[in-house]
Amino acid sequence: GQNIDQPTEMTATEGAIVQINCTYQTSGFNGLFWYQQHAGEAPTFLSYNVLDGLEEKGRFSSFLSRSKGYSYLLLKELQMKDSASYLCAVRRSGGYQKVTFGTGTKLQVIP
Amino acid sequence: GAGVSQSPRYKVAKRGQDVALRCDPISGHVSLFWYQQALGQGPEFLTYFQNEAQLDKSGLPSDRFFAERPEGSVSTLKIQRTQQEDSAVYLCASSLGTYNEQFFGPGTRLTVL
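This is the structure in structure tokens:
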């Protein structure tokens with residue numbers, strides 16, 4: 010099975026940097042996704058990591074350590090519109106490579 | 058539009074009624090997923106289709122839940138004899154293949170009274 014842990018809520022200040030952590034345990038691992046979900050809207054894809062290291066995409070970066078079962082999403086120069094839930098999702102290896110989502114971290118950006 | 062669409066966006070049902078939720082995936086996407094999302098939670102997997110074949114239905118909560126994708130494009134999730142615990146947002150997602158990121162529809166918010 011899979012177990013994914015993320016903080017339930019975080020608060021950060023506009024213009025600052027915030028790091029959202031995700032730890033996972035899985036019987037087989039083949040990649041980790043981060044999605045953003047604004048209240049009442051569909052999740053949208055942010056990033057994908059399958060190898061160890063940092064992937065940077067504009068103000069957002071995602072890091073993966075497979076040996077530690079750990080990932081983080083780094084948001085720089087926070088904007089009010091970044092207030093949303095951030096979902097960590099793990100893809101298993103084998104079969105059709107099912108994706109399992111964590112419960113999400115609700116980020117509130119304050120002025 | 059080129060995105061995933063779902064209908065209806067909102068559905069209110071009386072307990073015991075049957076409901077049908079529709080998903081139109083992105084054209085050409087082979088993989089289609091249904092998820093259930095409770096308030097404040099992440100999406101919980103329900104079922105997966107590869108073209109018209111339902112390869113995994115292990116997440117369907119009970120035999121009241123049924124999904125189909127007869128022609129490998131549009132999919133319907135049917136819930137029979139709805140119960141209050143079925144109240145949730147039902148998300149559909151599609152992808153080119155299981156190696157690719159999933160694109161989500163806006164969801165159907167089901168409320169069972």
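Protein sequence lines correspond, in order, to chains A and D. Per this note's numbering, the first sequence starts with residue 10, numbered consecutively. Per this note's numbering, the second sequence starts with residue 58, numbered consecutively. Beta carbons are placed, not taken as given, at the ideal position from N, Cα and C, and that holds for glycine. This one's a predicted model, so the numbers in the text were calculated from it and none came from an experiment.
Cβ-Cβ distance between residue i and residue j below 8 Å
i                 : j                 : result
Leu167 of chain D : Ala95 of chain D  : no
Gly133 of chain D : Val169 of chain D : Residue identity check: residue 133 of chain D is Thr in the sequence provided, not Gly. No; because the gap between Cβ atoms is not below 8 Å, this pair is not in contact.
Gln63 of chain D  : Pro127 of chain D : no
Glu64 of chain A  : Ser71 of chain A  : yes
Leu96 of chain A  : Gly78 of chain A  : no
Ile119 of chain A : Thr17 of chain A  : no
Gln45 of chain A  : Thr32 of chain A  : no
Same chain only: Cβ atoms within 7 Å of residue i, ignoring 5 sequence neighbours per side
i                 : result
Gly116 of chain D : Glu101, Phe102, Leu103 and Thr104
Ala145 of chain D : Gln93, Gln94, Ala95 and Leu167
Ala59 of chain D  : Ile83
Interface flag, residue i vs chain D, CB-CB below 8 Å
i                 : result
Tyr95 of chain A  : no
Thr109 of chain A : yes
Phe38 of chain A  : no
Gly103 of chain A : no
Thr20 of chain A  : no
Gln45 of chain A  : no
Own chain residues within Cβ distance below 6 Å of residue i, not counting five before or after
i                : result
Gln28 of chain A : Tyr81 and Leu83
Val59 of chain A : Gly40
Within-8 Å CB hit, residue i to chain A
i                 : result
Leu170 of chain D : no
Tyr156 of chain D : yes
Tyr67 of chain D  : no
Leu148 of chain D : yes
Phe122 of chain D : no
Gly129 of chain D : no
Residues near residue i by beta carbon distance below 8 Å, same chain, minus five either side
i                 : result
Leu112 of chain D : Tyr105 and Phe106
Asn108 of chain D : Val87, Arg126 and Gly129
Lys68 of chain D  : Val76, Leu78, Thr165, Arg166, Leu167 and Thr168
Gly85 of chain D  : Leu153
Arg66 of chain D  : Pro163, Gly164, Thr165 and Arg166
Beta-bridge pairing of residue i - partner residues as DSSP gives them
i                 : result
Gln117 of chain A : A:Thr20
Leu84 of chain A  : A:Val27 and A:Phe69
Ile136 of chain D : D:Val76 and D:Phe122
Gln94 of chain D  : D:Val146
Leu89 of chain D  : D:Phe106 and D:Ser151
Residue i CB to nearest heavy atom of the ligand FAD below 7 Å
i                : result
Gly40 of chain A : With respect to the ligand FAD, the structure shown offers nothing to examine, as it has no ligands at all.
field: Under 8 Å (Cβ pairs) to chain D, residues found in the segment 51–66 of chain A
entry: Answer in chain order: Ala51, Pro52, Thr53, Phe54 and Tyr57.
- request: Would you list, in chain order, the members of the segment 107–119 of chain D that have their beta-carbon closer than 8 Å to a beta-carbon of chain A?
  value: Within the segment 107–119 of chain D, the qualifying residues are Gln107, Leu112 and Asp113.
field: Members of the segment 68–83 of chain A near chain D, C-beta cut-off 7 Å
entry: None of the residues of the segment 68–83 of chain A has a beta carbon lying less than 7 Å from any beta carbon of chain D.
- prompt: Which residues, in chain order, does the segment 24–37 of chain A contribute to contact with chain D at a C-beta distance below 8 Å?
  reply: Taking 8 Å as the Cβ-Cβ cut-off, the segment 24–37 of chain A has no residue approaching chain D.
message: Using a Cβ-Cβ cutoff of 7 Å, what residues of the segment 70–97 of chain D are near chain A? List them in chain order.
response: Result list empty, no residue passes.
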